[in-house]
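Scroll down for the structure; my scribbles are underneath it.
There are 2 protein chains.
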Amino acid sequence: MRVLGVDPGLTRCGVGVVEGVAGRPLTMIGVGVVRTPADAELGHRLVAIERGIEEWLDTHRPQFVAVERVFSQHNVRTVMGTAQASAVAMLCASRRGIPVALHTPSEVKAAVTGSGRADKDQVGAMVTRLLRLDAPPKPADAADALALAICHIWRAPAQNRLQQAVAAHRTLKGRTA
Amino acid sequence: MRVLGVDPGLTRCGVGVVEGVAGRPLTMIGVGVVRTPADAELGHRLVAIERGIEEWLDTHRPQFVAVERVFSQHNVRTVMGTAQASAVAMLCASRRGIPVALHTPSEVKAAVTGSGRADKDQVGAMVTRLLRLDAPPKPADAADALALAICHIWRAPAQNRLQQAVAAHRTLKGRTA
Numbered sequence: 001m002r003v004l005g006v007d008p009g010l011t012r013c014g015v016g017v018v019e020g021v022a023g024r025p026l027t028m029i030g031v032g033v034v035r036t037p038a039d040a041e042l043g044h045r046l047v048a049i050e051r052g053i054e055e056w057l058d059t060h061r062p063q064f065v066a067v068e069r070v071f072s073q074h075n076v077r078t079v080m081g082t083a084q085a086s087a088v089a090m091l092c093a094s095r096r097g098i099p100v101a102l103h104t105p106s107e108v109k110a111a112v113t114g115s116g117r118a119d120k121d122q123v124g125a126m127v128t129r130l131l132r133l134d135a136p137p138k139p140a141d142a143a144d145a146l147a148l149a150i151c152h153i154w155r156a157p158a159q160n161r162l163q164q165a166v167a168a169h170r171t172l173k174g175r176t177a
Numbered sequence: 001m002r003v004l005g006v007d008p009g010l011t012r013c014g015v016g017v018v019e020g021v022a023g024r025p026l027t028m029i030g031v032g033v034v035r036t037p038a039d040a041e042l043g044h045r046l047v048a049i050e051r052g053i054e055e056w057l058d059t060h061r062p063q064f065v066a067v068e069r070v071f072s073q074h075n076v077r078t079v080m081g082t083a084q085a086s087a088v089a090m091l092c093a094s095r096r097g098i099p100v101a102l103h104t105p106s107e108v109k110a111a112v113t114g115s116g117r118a119d120k121d122q123v124g125a126m127v128t129r130l131l132r133l134d135a136p137p138k139p140a141d142a143a144d145a146l147a148l149a150i151c152h153i154w155r156a157p158a159q160n161r162l163q164q165a166v167a168a169h170r171t172l173k174g175r176t177a
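These protein sequence lines are chains Z and G, in that order. The letter at position 100 of the first sequence is residue 100 when you use the UniProt record's numbering, and the numbering goes up by one with no holes. The letter at position 141 of the second sequence is residue 141 when you use the UniProt record's numbering, and the numbering goes up by one with no holes.
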């Protein structure tokens, strides 16, 4: 199973691709950050994020996209941008018929560290260990994207199979309509 | 000047096209609502909104798109969806090089009714009068989209010309790059 994790943000959108199945060692396929200039117009920033996500989808062809679920009780100044960046990521995936899963930050932390209240360093350390990397991926957004992908591979494999079947059915319907 | 106003929302995304210049009677070119089913997956709803907005852009070829500026202090349950729908509208416009303007709800109300705290009925009544319609457009999201377009035509014509020049320059750069 190949999953693209997306830690959405306007200034830094973390992206990481992980391959594997639950219960086996996982492999990092790629990690990076899609950046947009803070002084650019919002519309242009969203176009740049779309372009970046499309490149990651083209290059790595994930079967699932896992996006951090955004809550409005987060930092009020940044939450709108986070929601908008996540919308672009979900749109890019759904347009291609790739199932999108949303995981909350605490689900992701609990999946990789065992605690839903783990801090950034702990998440980075576990991502490094689980993917057998030499050092924690920088910036933290990139490590978080990998953690999302790992979380998705480990959570509810049955649910993933169901989602994929529904997506395949929808794509088929779209083609024959 | 032809403006597409967008009142963003996942369940009902109001859209309205108005043509005219400040100081002259305005003309409604079209009004409607892009709807997505509440029980559909978020990614699929965003794809449906993209499709709807693209149709309105194709049909009416606006020179500007005016989108309601979303604040996170709004209703917490709906604000994330509103932010995500607005991201899709901005993305569609910016991708085509159409300048996007954001106006706050109180700017829009003040523009069409004279008061930033006017209620829905008052906005509907003024939209009806200003566009010489037989009845207020329904639902309120459609009327709000028209109010956004009117607000944009009336506010800062100089700023619009500047934005258009910047957008044309960027499109040109993109083509010659």
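Note that CB positions come from ideal geometry on N, CA and C, so glycine has one too. In this text the structure is predicted, and so the values were computed from the model without any measurement.
Self-check item: Gly-43(Z) at chain G interface by Cβ criterion, 8 Å
Solution: As a working mapping, residue 43(Z) is identified with position 43 in the first sequence. Gly-43(Z) counts as touching chain G.
Practice item. Give the DSSP-derived three-state secondary structure of Ala-87(Z) in the structure shown. Key: What you label residue 87(Z) is simply residue 87 of the first sequence in a count that begins at 1. Three-state DSSP puts Ala-87(Z) in a helix.
Between the Cα of Thr-36(Z) and those of Glu-19(Z), Ala-168(Z), Arg-12(Z), spot the shortest distance and give me the residue it belongs to. As a position in the first sequence, residue 36(Z) is number 36, starting the count at 1. Cα-wise, what sits closest to Thr-36(Z) is Arg-12(Z).
Pro-8(Z) to Gly-23(G), Cα distance in whole Å?
-> Translated into the one-based positions of the first sequence, residue 8(Z) becomes position 8. Translated into the one-based positions of the second sequence, residue 23(G) becomes position 23. Each residue's alpha carbon lies about 43 Å from the other.
| task | From the DSSP output, in three-state form, read off Glu-41(Z) for me. | result | Position 41 of the first sequence, counting from 1, holds the residue named residue 41(Z). DSSP places Glu-41(Z) in coil when its eight states are reduced to three.
Practice problem: Report yes if the CB atom of Gly-14(G) is closer than 8 Å to the CB atom of Ala-142(G), and no otherwise. | Solution: Position 14 of the second sequence, counting from 1, holds the residue named residue 14(G). Position 142 of the second sequence, counting from 1, holds the residue named residue 142(G). Yes, Cβ-Cβ distance for Gly-14(G) and Ala-142(G) is below 8 Å.
Please confirm whether Arg-61(Z) has its beta-carbon closer than 8 Å to some beta-carbon of chain G. On the first sequence, residue 61(Z) is found 61 positions in, with the first residue counted as 1. For Arg-61(Z), the answer is no, since every Cβ of chain G falls outside 8 Å of its Cβ.
| Along the chain, where does the beta strand (DSSP E) that runs through Arg-35(Z) open and close? | In the first sequence, counting from the first residue as 1, residue 35(Z) sits at position 35. Here the beta strand (DSSP E) through Arg-35(Z) covers 27-35.
Note to self: Using a Cβ-Cβ distance cut-off of 8 Å, determine whether Thr-107(G) contacts chain Z.
What the structure shows: Translated into the one-based positions of the second sequence, residue 107(G) becomes position 107. Here the sequence assigns Glu to residue 107(G), which means Thr is not the residue at that position. It does not: the Cβ of Glu-107(G) has no partner Cβ on chain Z nearer than 8 Å.
For this session: Work out the CA separation of Asp-144(Z) and Val-67(Z) for me, nearest whole Å.
Result: Walking along the first sequence from the start, residue 67(Z) turns up at place 67. Walking along the first sequence from the start, residue 144(Z) turns up at place 144. Their backbone Cα atoms lie some 10 Å apart in a straight line.
Checklist entry - Is Thr-59(Z) buried or exposed, if buried means 16 or more other CB atoms sit within 10 Å of its CB? => result As a first step, residue 59(Z) is located in the first sequence; it is residue number 59 there, counting from the start. Result: exposed.
query = In chain order, what residues of the same chain lie with their CB nearer than 6 Å to the CB of Val-65(Z), ignoring the 5 residues before and after it?
reply = On the first sequence, residue 65(Z) is found 65 positions in, with the first residue counted as 1. Once the five neighbours on either side are set aside, the close Cβ partners of Val-65(Z) are Leu-4, Ala-93, Ile-98, Val-100.
Burial state of Ala-177(G) (16 or more Cβ within 10 Å): On the second sequence, position 177 is the one that residue 177(G) refers to. With a pLDDT of 43 at Ala-177(G), under the threshold of 50, the modelled position of this residue cannot be trusted, and the question is left open.
Shorter than 7 Å, the distance from the beta carbon of Ala-118(G) to the closest heavy atom of the ligand FAD, or not?
The ligand content of the structure shown is nil, which means the ligand FAD is not present either.
Rounded to the nearest angstrom, what separates residue 185(Z) and Thr-113(Z) at their Cα positions?
It is not possible to answer for residue 185(Z), since the shown part of chain Z is limited to 1 through 177.
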